[in-house]
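Scroll down for the structure; my scribbles are underneath it.
Protein chains: 2
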Amino acid sequence: MATIHDVARAAGVSISTVSYALSGKRSIADSTRRRVADAAVSLGYQPHAGARMLAGTRTQIFALTAPLRHDTYAPAHMAFVLAVATAARRHDYDILLLTEDEATKGLSRVASSRLVDGVIVLDVSVRDERIALVQNLGVPTVVIGIPDDPAGLACVDLDFEAATRLAIDGLADRGHRRMALLGHPDEIYERGSNFPIRVRDTFLSHTADLGLPGRFSTSETDSGAVRAALDALLAGDERPTALIMHCQESVQATVLDHLRDRKISVPEDMSIISVGSTFDTTKFSPALDVIPLIPAATCDAAVDILVASLPDPPDPRVQYVAPEYRANGSVAPVPAP
Amino acid sequence: MATIHDVARAAGVSISTVSYALSGKRSIADSTRRRVADAAVSLGYQPHAGARMLAGTRTQIFALTAPLRHDTYAPAHMAFVLAVATAARRHDYDILLLTEDEATKGLSRVASSRLVDGVIVLDVSVRDERIALVQNLGVPTVVIGIPDDPAGLACVDLDFEAATRLAIDGLADRGHRRMALLGHPDEIYERGSNFPIRVRDTFLSHTADLGLPGRFSTSETDSGAVRAALDALLAGDERPTALIMHCQESVQATVLDHLRDRKISVPEDMSIISVGSTFDTTKFSPALDVIPLIPAATCDAAVDILVASLPDPPDPRVQYVAPEYRANGSVAPVPAP
DNA sequence: TCGAACTGTCGAAGCGCTTCGACAGCCAGC
DNA sequence: GCTGGCTGTCGAAGCGCTTCGACAGTTCGA
Chain A
1 MATIHDVARA AGVSISTVSY ALSGKRSIAD STRRRVADAA VSLGYQPHAG ARMLAGTRTQ
61 IFALTAPLRH DTYAPAHMAF VLAVATAARR HDYDILLLTE DEATKGLSRV ASSRLVDGVI
121 VLDVSVRDER IALVQNLGVP TVVIGIPDDP AGLACVDLDF EAATRLAIDG LADRGHRRMA
181 LLGHPDEIYE RGSNFPIRVR DTFLSHTADL GLPGRFSTSE TDSGAVRAAL DALLAGDERP
241 TALIMHCQES VQATVLDHLR DRKISVPEDM SIISVGSTFD TTKFSPALDV IPLIPAATCD
301 AAVDILVASL PDPPDPRVQY VAPEYRANGS VAPVPAP
Chain B
1 MATIHDVARA AGVSISTVSY ALSGKRSIAD STRRRVADAA VSLGYQPHAG ARMLAGTRTQ
61 IFALTAPLRH DTYAPAHMAF VLAVATAARR HDYDILLLTE DEATKGLSRV ASSRLVDGVI
121 VLDVSVRDER IALVQNLGVP TVVIGIPDDP AGLACVDLDF EAATRLAIDG LADRGHRRMA
181 LLGHPDEIYE RGSNFPIRVR DTFLSHTADL GLPGRFSTSE TDSGAVRAAL DALLAGDERP
241 TALIMHCQES VQATVLDHLR DRKISVPEDM SIISVGSTFD TTKFSPALDV IPLIPAATCD
301 AAVDILVASL PDPPDPRVQY VAPEYRANGS VAPVPAP
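Here the protein sequences line up with chains A and B, keeping their order. First residue of the first sequence? That's 1 in UniProt numbering, and the numbers climb one at a time after it. First residue of the second sequence? That's 1 in UniProt numbering, and the numbers climb one at a time after it.
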């Protein structure tokens with residue numbers, strides 16, 4: 001493995017010149033810079049990570065804490081982990097994965113051993129022990145999701161409130177008055193999971209603000225429960241003409257199956273919007289209008305904030321990512337009575 | 001942040017004594033060791049990761065390359081990533097996550113910057129560019145899964161062949177002669193995905209060895225396709241009396257739905273064994289007999305091999321994890337004609 | 001024309017740790 | 001009582017890098 005000394009010798013300069021030529025932190029003659037660069041490439045020089053951490057001030061590593069609970073929806077979770085890693089690489093950062101049982105101990109460990117320059121906290125629930133920890137740890141941190149008390153923290157998340165209003169307004173514009181929201185299992189809300197609650201609350205308040213009746217139901221994820229929840233939501237004379245779904249992929253698929261079985265056609269009899277989905281709703285038949293939760297959008301913003309503030313913690317803030325409506329034909333004007 | 005000097009001063013010894021007392025690499029008087037340990041704790045001392053990497057020979061970090069393809073089954077994938085991280089922590093190792101588009105470039109980078117002591121390669125497909133790379137890179141590596149050409153590599157995987165035979169033999173012992181295997185989507189086999197192919201081939205060869213008819217079908221994952229595939233598998237006079245499933249959770253759930261719809265009861269009319277599943281088959285109704293793929297078992301073995309061999313690459317080998325049969329009541333003796 | 005201000009390069013210090021060799025003090029065996 | 005071998009501790013070197021201050025050599029304004 002080539003060291004900086006090897007490069008210096010090959011280029012006929014001192015090691016400090018190599019360092020400056022490669023980092024650009026001092027002006028170096030173009031001819032020298034080129035010689036150094038050539039030598040580095042031809043020797044396959046890679047700076048020793050440990051030496052860099054020791055001498056320099058950066059480690060080029062972020063810690064990512066991504067708890068995996070049994071009720072975590074793995075595909076979405078995975079997409080976020082991946083999006084964070086990809087965003088980090090764009091800034092020349094690697095990702096160190098902290099597991100759940102290591103969440104707090106691991107955070108303290110990597111922070112105080114100065115293994116990482118910063119921390120990215122994923123999938124925050126309303127009460128999250130990691131939040132209190134990073135608030136005290138002093139290590140630069142960015143949170144993806146909005147904790148109950150974001151005091152002192154930089155947080156990034158899709159603007160679920162705006163997304164929900166966008167869905168409702170879009171439906172209202174098409175003449176829909178009776179809307180329903182199908183959500184996650186009860187447990188999710190009870191645990192204080194963040195955005196499902198925000199969607200539910202916004203749905204109820206914004207429909208009320210518009211003077212519209214809004215029906216909401218939770219649902220377990222197995223197909224029987226989904227069908228029952230849907231039937232309940234659609235029961236009675238005043239059947240909703242529009243459905244907003246904020247639930248996982250298999251549940252949305254089951255809903256479409258069940259509507260088909262009940263001969264309720266989309267969008268003729270029922271308009272549907274999928275909110276905050278991380279998967280591709282055009283694979284469904286029919287394809288669904290969606291206000292997606294785009295992991296890359298959120299994670300890019302989060303990493304940008306963190307990188308920009310280094311070596312200091314980012315300024316406290318709650319940064320919302322604007323929602324984006326994607327029409328795929330599952331919304332139609334309300335049918336004539 | 002306390003350094004080793006602070007600890008040395010607090011304990012009234014030299015820094016080398018602190019180092020030896022903490023690492024145990026030389027004999028230190030018990031009283032001294034205790035004083036050092038106390039000082040370290042009360043100062044909250046954590047060795048500087050960079051300094052350790054530079055001076056020592058270990059970084060206490062493994063790279064994990066875990067590609068995420070669109071057809072990857074995220075929950076299983078996630079479980080493996082988690083199991084690797086957990087196993088690594090037991091040996092005081094952290095996990096650096098390498099993403100797919102970084103697979104080869106990232107591997108070279110972290111290896112030649114000596115950021116990691118070893119590499120764990122997850123989810124190997126038969127032709128995998130990462131394999132050739134780690135074969136040449138010289139960095140200690142362990143592969144989870146069996147590549148086409150494992151030359152020079154240490155590989156760990158569930159013994160899918162033995163698992164498949166175990167399922168067949170168990171059914172044969174109960175008098176079953178007509179068995180069917182429901183597998184993954186075609187694409188998986190075409191891509192050369194490793195273990196689905198091993199299960200399929202073993203199923204076909206072992207049933208043949210026993211002189212039994214073995215029916216095999218692939219299936220897409222959507223419920224319509226699953227039902228069609230199952231109908232095809234069960235068609236004809238000589239309907240199979242037993243079904244082995246080697247497919248993802250939702251497909252297995254659909255199979256049970258469909259059997260129920262067709263009034264085929266389990267296990268009275270049809271015995272079922274789930275092979276190589278990473279999820280809990282007792283949540284189904286009925287609960288299914290299973291020969292599980294236990295991420296922790298495989299990953300523990302993999303990490304053990306890697307840690308044991310450090311700082312050298314592990315001896316080349318293919319280590320199979322023995323399958324384990326879990327009876328949950330979905331297998332019965334073949335019904336009287 | 002002279003000093004001030006740059007520009008490009010270098011040497012050396014030092015980041016915090018591990019580890020090697022040295023050595024004082026001790027005990028056991030002759 | 002002396003030697004040889006332990007045991008417990010220390011000082012110092014050095015890992016590979018960044019960065020500070022120094023300093024020739026050059027340019028430019030007064």
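Using N, Cα and C, we set each Cβ at its ideal position, and we do this for glycine too.
What does DSSP give as the partner residues of Gln319/B in its beta bridges? Val156/B
List, in order along the chain, the chain A residues whose C-beta lies closer than 8 Å to that of Ser250/B? Ser250
According to DSSP, which residues form a beta bridge with Ala242/B? Met179/B, Ser271/B
The stretch 237-254 of chain A in contact with the stretch 142-154 of chain A per 3-pair CB rule at 8 Å: no
I'd like the list of long-range same chain contacts for Thr32/B, defined as Cβ closer than 8 Å, with 5 residues on each side in sequence excluded. Ala11, Val13, Thr17, Ala21
If you follow the beta strand (DSSP E) that Asp289/A is part of, which residue opens it and which one closes it? 289-291
Distance between Phe62/A and Thr141/A (C-alpha atoms, nearest Å): 9 Å
Listing by chain order, which chain A residues have their CB less than 8 Å from the CB of Met245/B? In chain order: nothing, as chain A lies at least about 18 Å away.
Should Asp300/B go down as buried or exposed, given a rule of 16 or more other Cβ atoms within 10 Å for buried? buried
Look up Val226/A in the DSSP assignment and give the residues it is bridged to. DSSP output for Val226/A lists no bridge partner at all.
Kindly indicate which three-state DSSP category Ser112/A falls into: helix, strand or coil? helix
Which chain A residues sit within Cβ distance under 9 Å of Ala37/B? None at all; the shortest Cβ gap to chain A is about 17 Å.
Burial state of Glu324/A (16 or more Cβ within 10 Å): exposed
Roughly how many whole angstroms lie between the Cα atoms of Asp157/B and Arg198/B? 12 Å
Please report the Cβ distance between Asp289/A and Ser330/A, rounded to the nearest whole angstrom; I am assuming they are in contact, meaning their Cβ atoms lie under 8 Å. 5 Å
Which value, in whole angstroms, describes the spacing of the CA atoms of Leu233/B and Pro240/B? 8 Å
Would you kindly report the start and end of the unbroken beta strand (DSSP E) that includes Lys144/A? The sequence shown places Ile at residue 144/A, rather than the Lys named in the question. Start and end: 141-144.
Touching or not, the stretch 202-219 of chain B and the stretch 157-173 of chain B, by the rule of three or more beta carbon pairs under 8 Å? yes
Judging by CA-CA distance, which residue of Ser274/B, Ser223/B, Ser265/B is the nearest neighbour of Val251/B? Ser223/B
May I ask you to list, following chain order, the residues of the stretch 101-122 of chain B that have a beta carbon less than 8 Å from some beta carbon of chain A? Asp101, Glu102, Gly106, Arg109, Val110, Ser112, Ser113, Arg114, Leu115
DSSP has Phe216/A in a bridge; who is on the other side? Leu181/A
At which residues does the alpha helix (DSSP H) containing Val121/A begin and terminate? First-last for Val121/A: 118-121, but that is the beta strand (DSSP E), not the alpha helix (DSSP H).
Hey, Ile273/B and Asn194/B are a contact pair by Cβ (cut 8 Å); roughly how many whole angstroms apart? So it is not a contact: roughly 21 Å between Cβ atoms.
So, at 6 Å on beta carbons, what are the nonlocal neighbours of Ala79/B in its own chain, with the 5 sequence-adjacent residues on each side left out? Thr278, Pro295
Three Cβ pairs or more, each shorter than 8 Å: is that satisfied between the stretch 80-87 of chain A and the stretch 107-115 of chain A? no
Compare the Cα-Cα distances from Pro311/A to each of Pro47/A, Ala49/A, Ala55/A, Thr59/A and report the closest residue. Thr59/A
Among Met179/B, Asp201/B, Ala180/B, nearest to Tyr189/B - alpha-carbon criterion: Asp201/B
So, is Ala132/B buried or exposed, given that buried needs 16 or more other C-beta atoms within 10 angstroms? exposed
Less than 8 Å separating the beta-carbons of Ile291/A and Val275/A? yes
Of all the CB atoms in chain B, is at least one closer than 8 Å to the CB of Met1/A? yes
Please compile the residues from chain A whose C-beta is within a distance smaller than 7 Å of the C-beta of Met78/B. Leu68, Ala74, His77, Met78
Sequence-distant residues of its chain with Cβ nearer than 8 Å to Gly183/B (five each side left out): Tyr189, Pro196, Val199, Arg200, Phe216, Ser217, Thr218, Ser219, His246, Cys247
Contact criterion: CB-CB distance below 8 Å. Does His91/A meet it with respect to chain B? no
Checking 8 Å against the spacing of the C-beta atoms, do Ala39/A and Val7/A come in under that value? yes
Looking at chain A, is there any beta carbon in it that lies within less than 8 Å of the beta carbon of Ala51/B? yes
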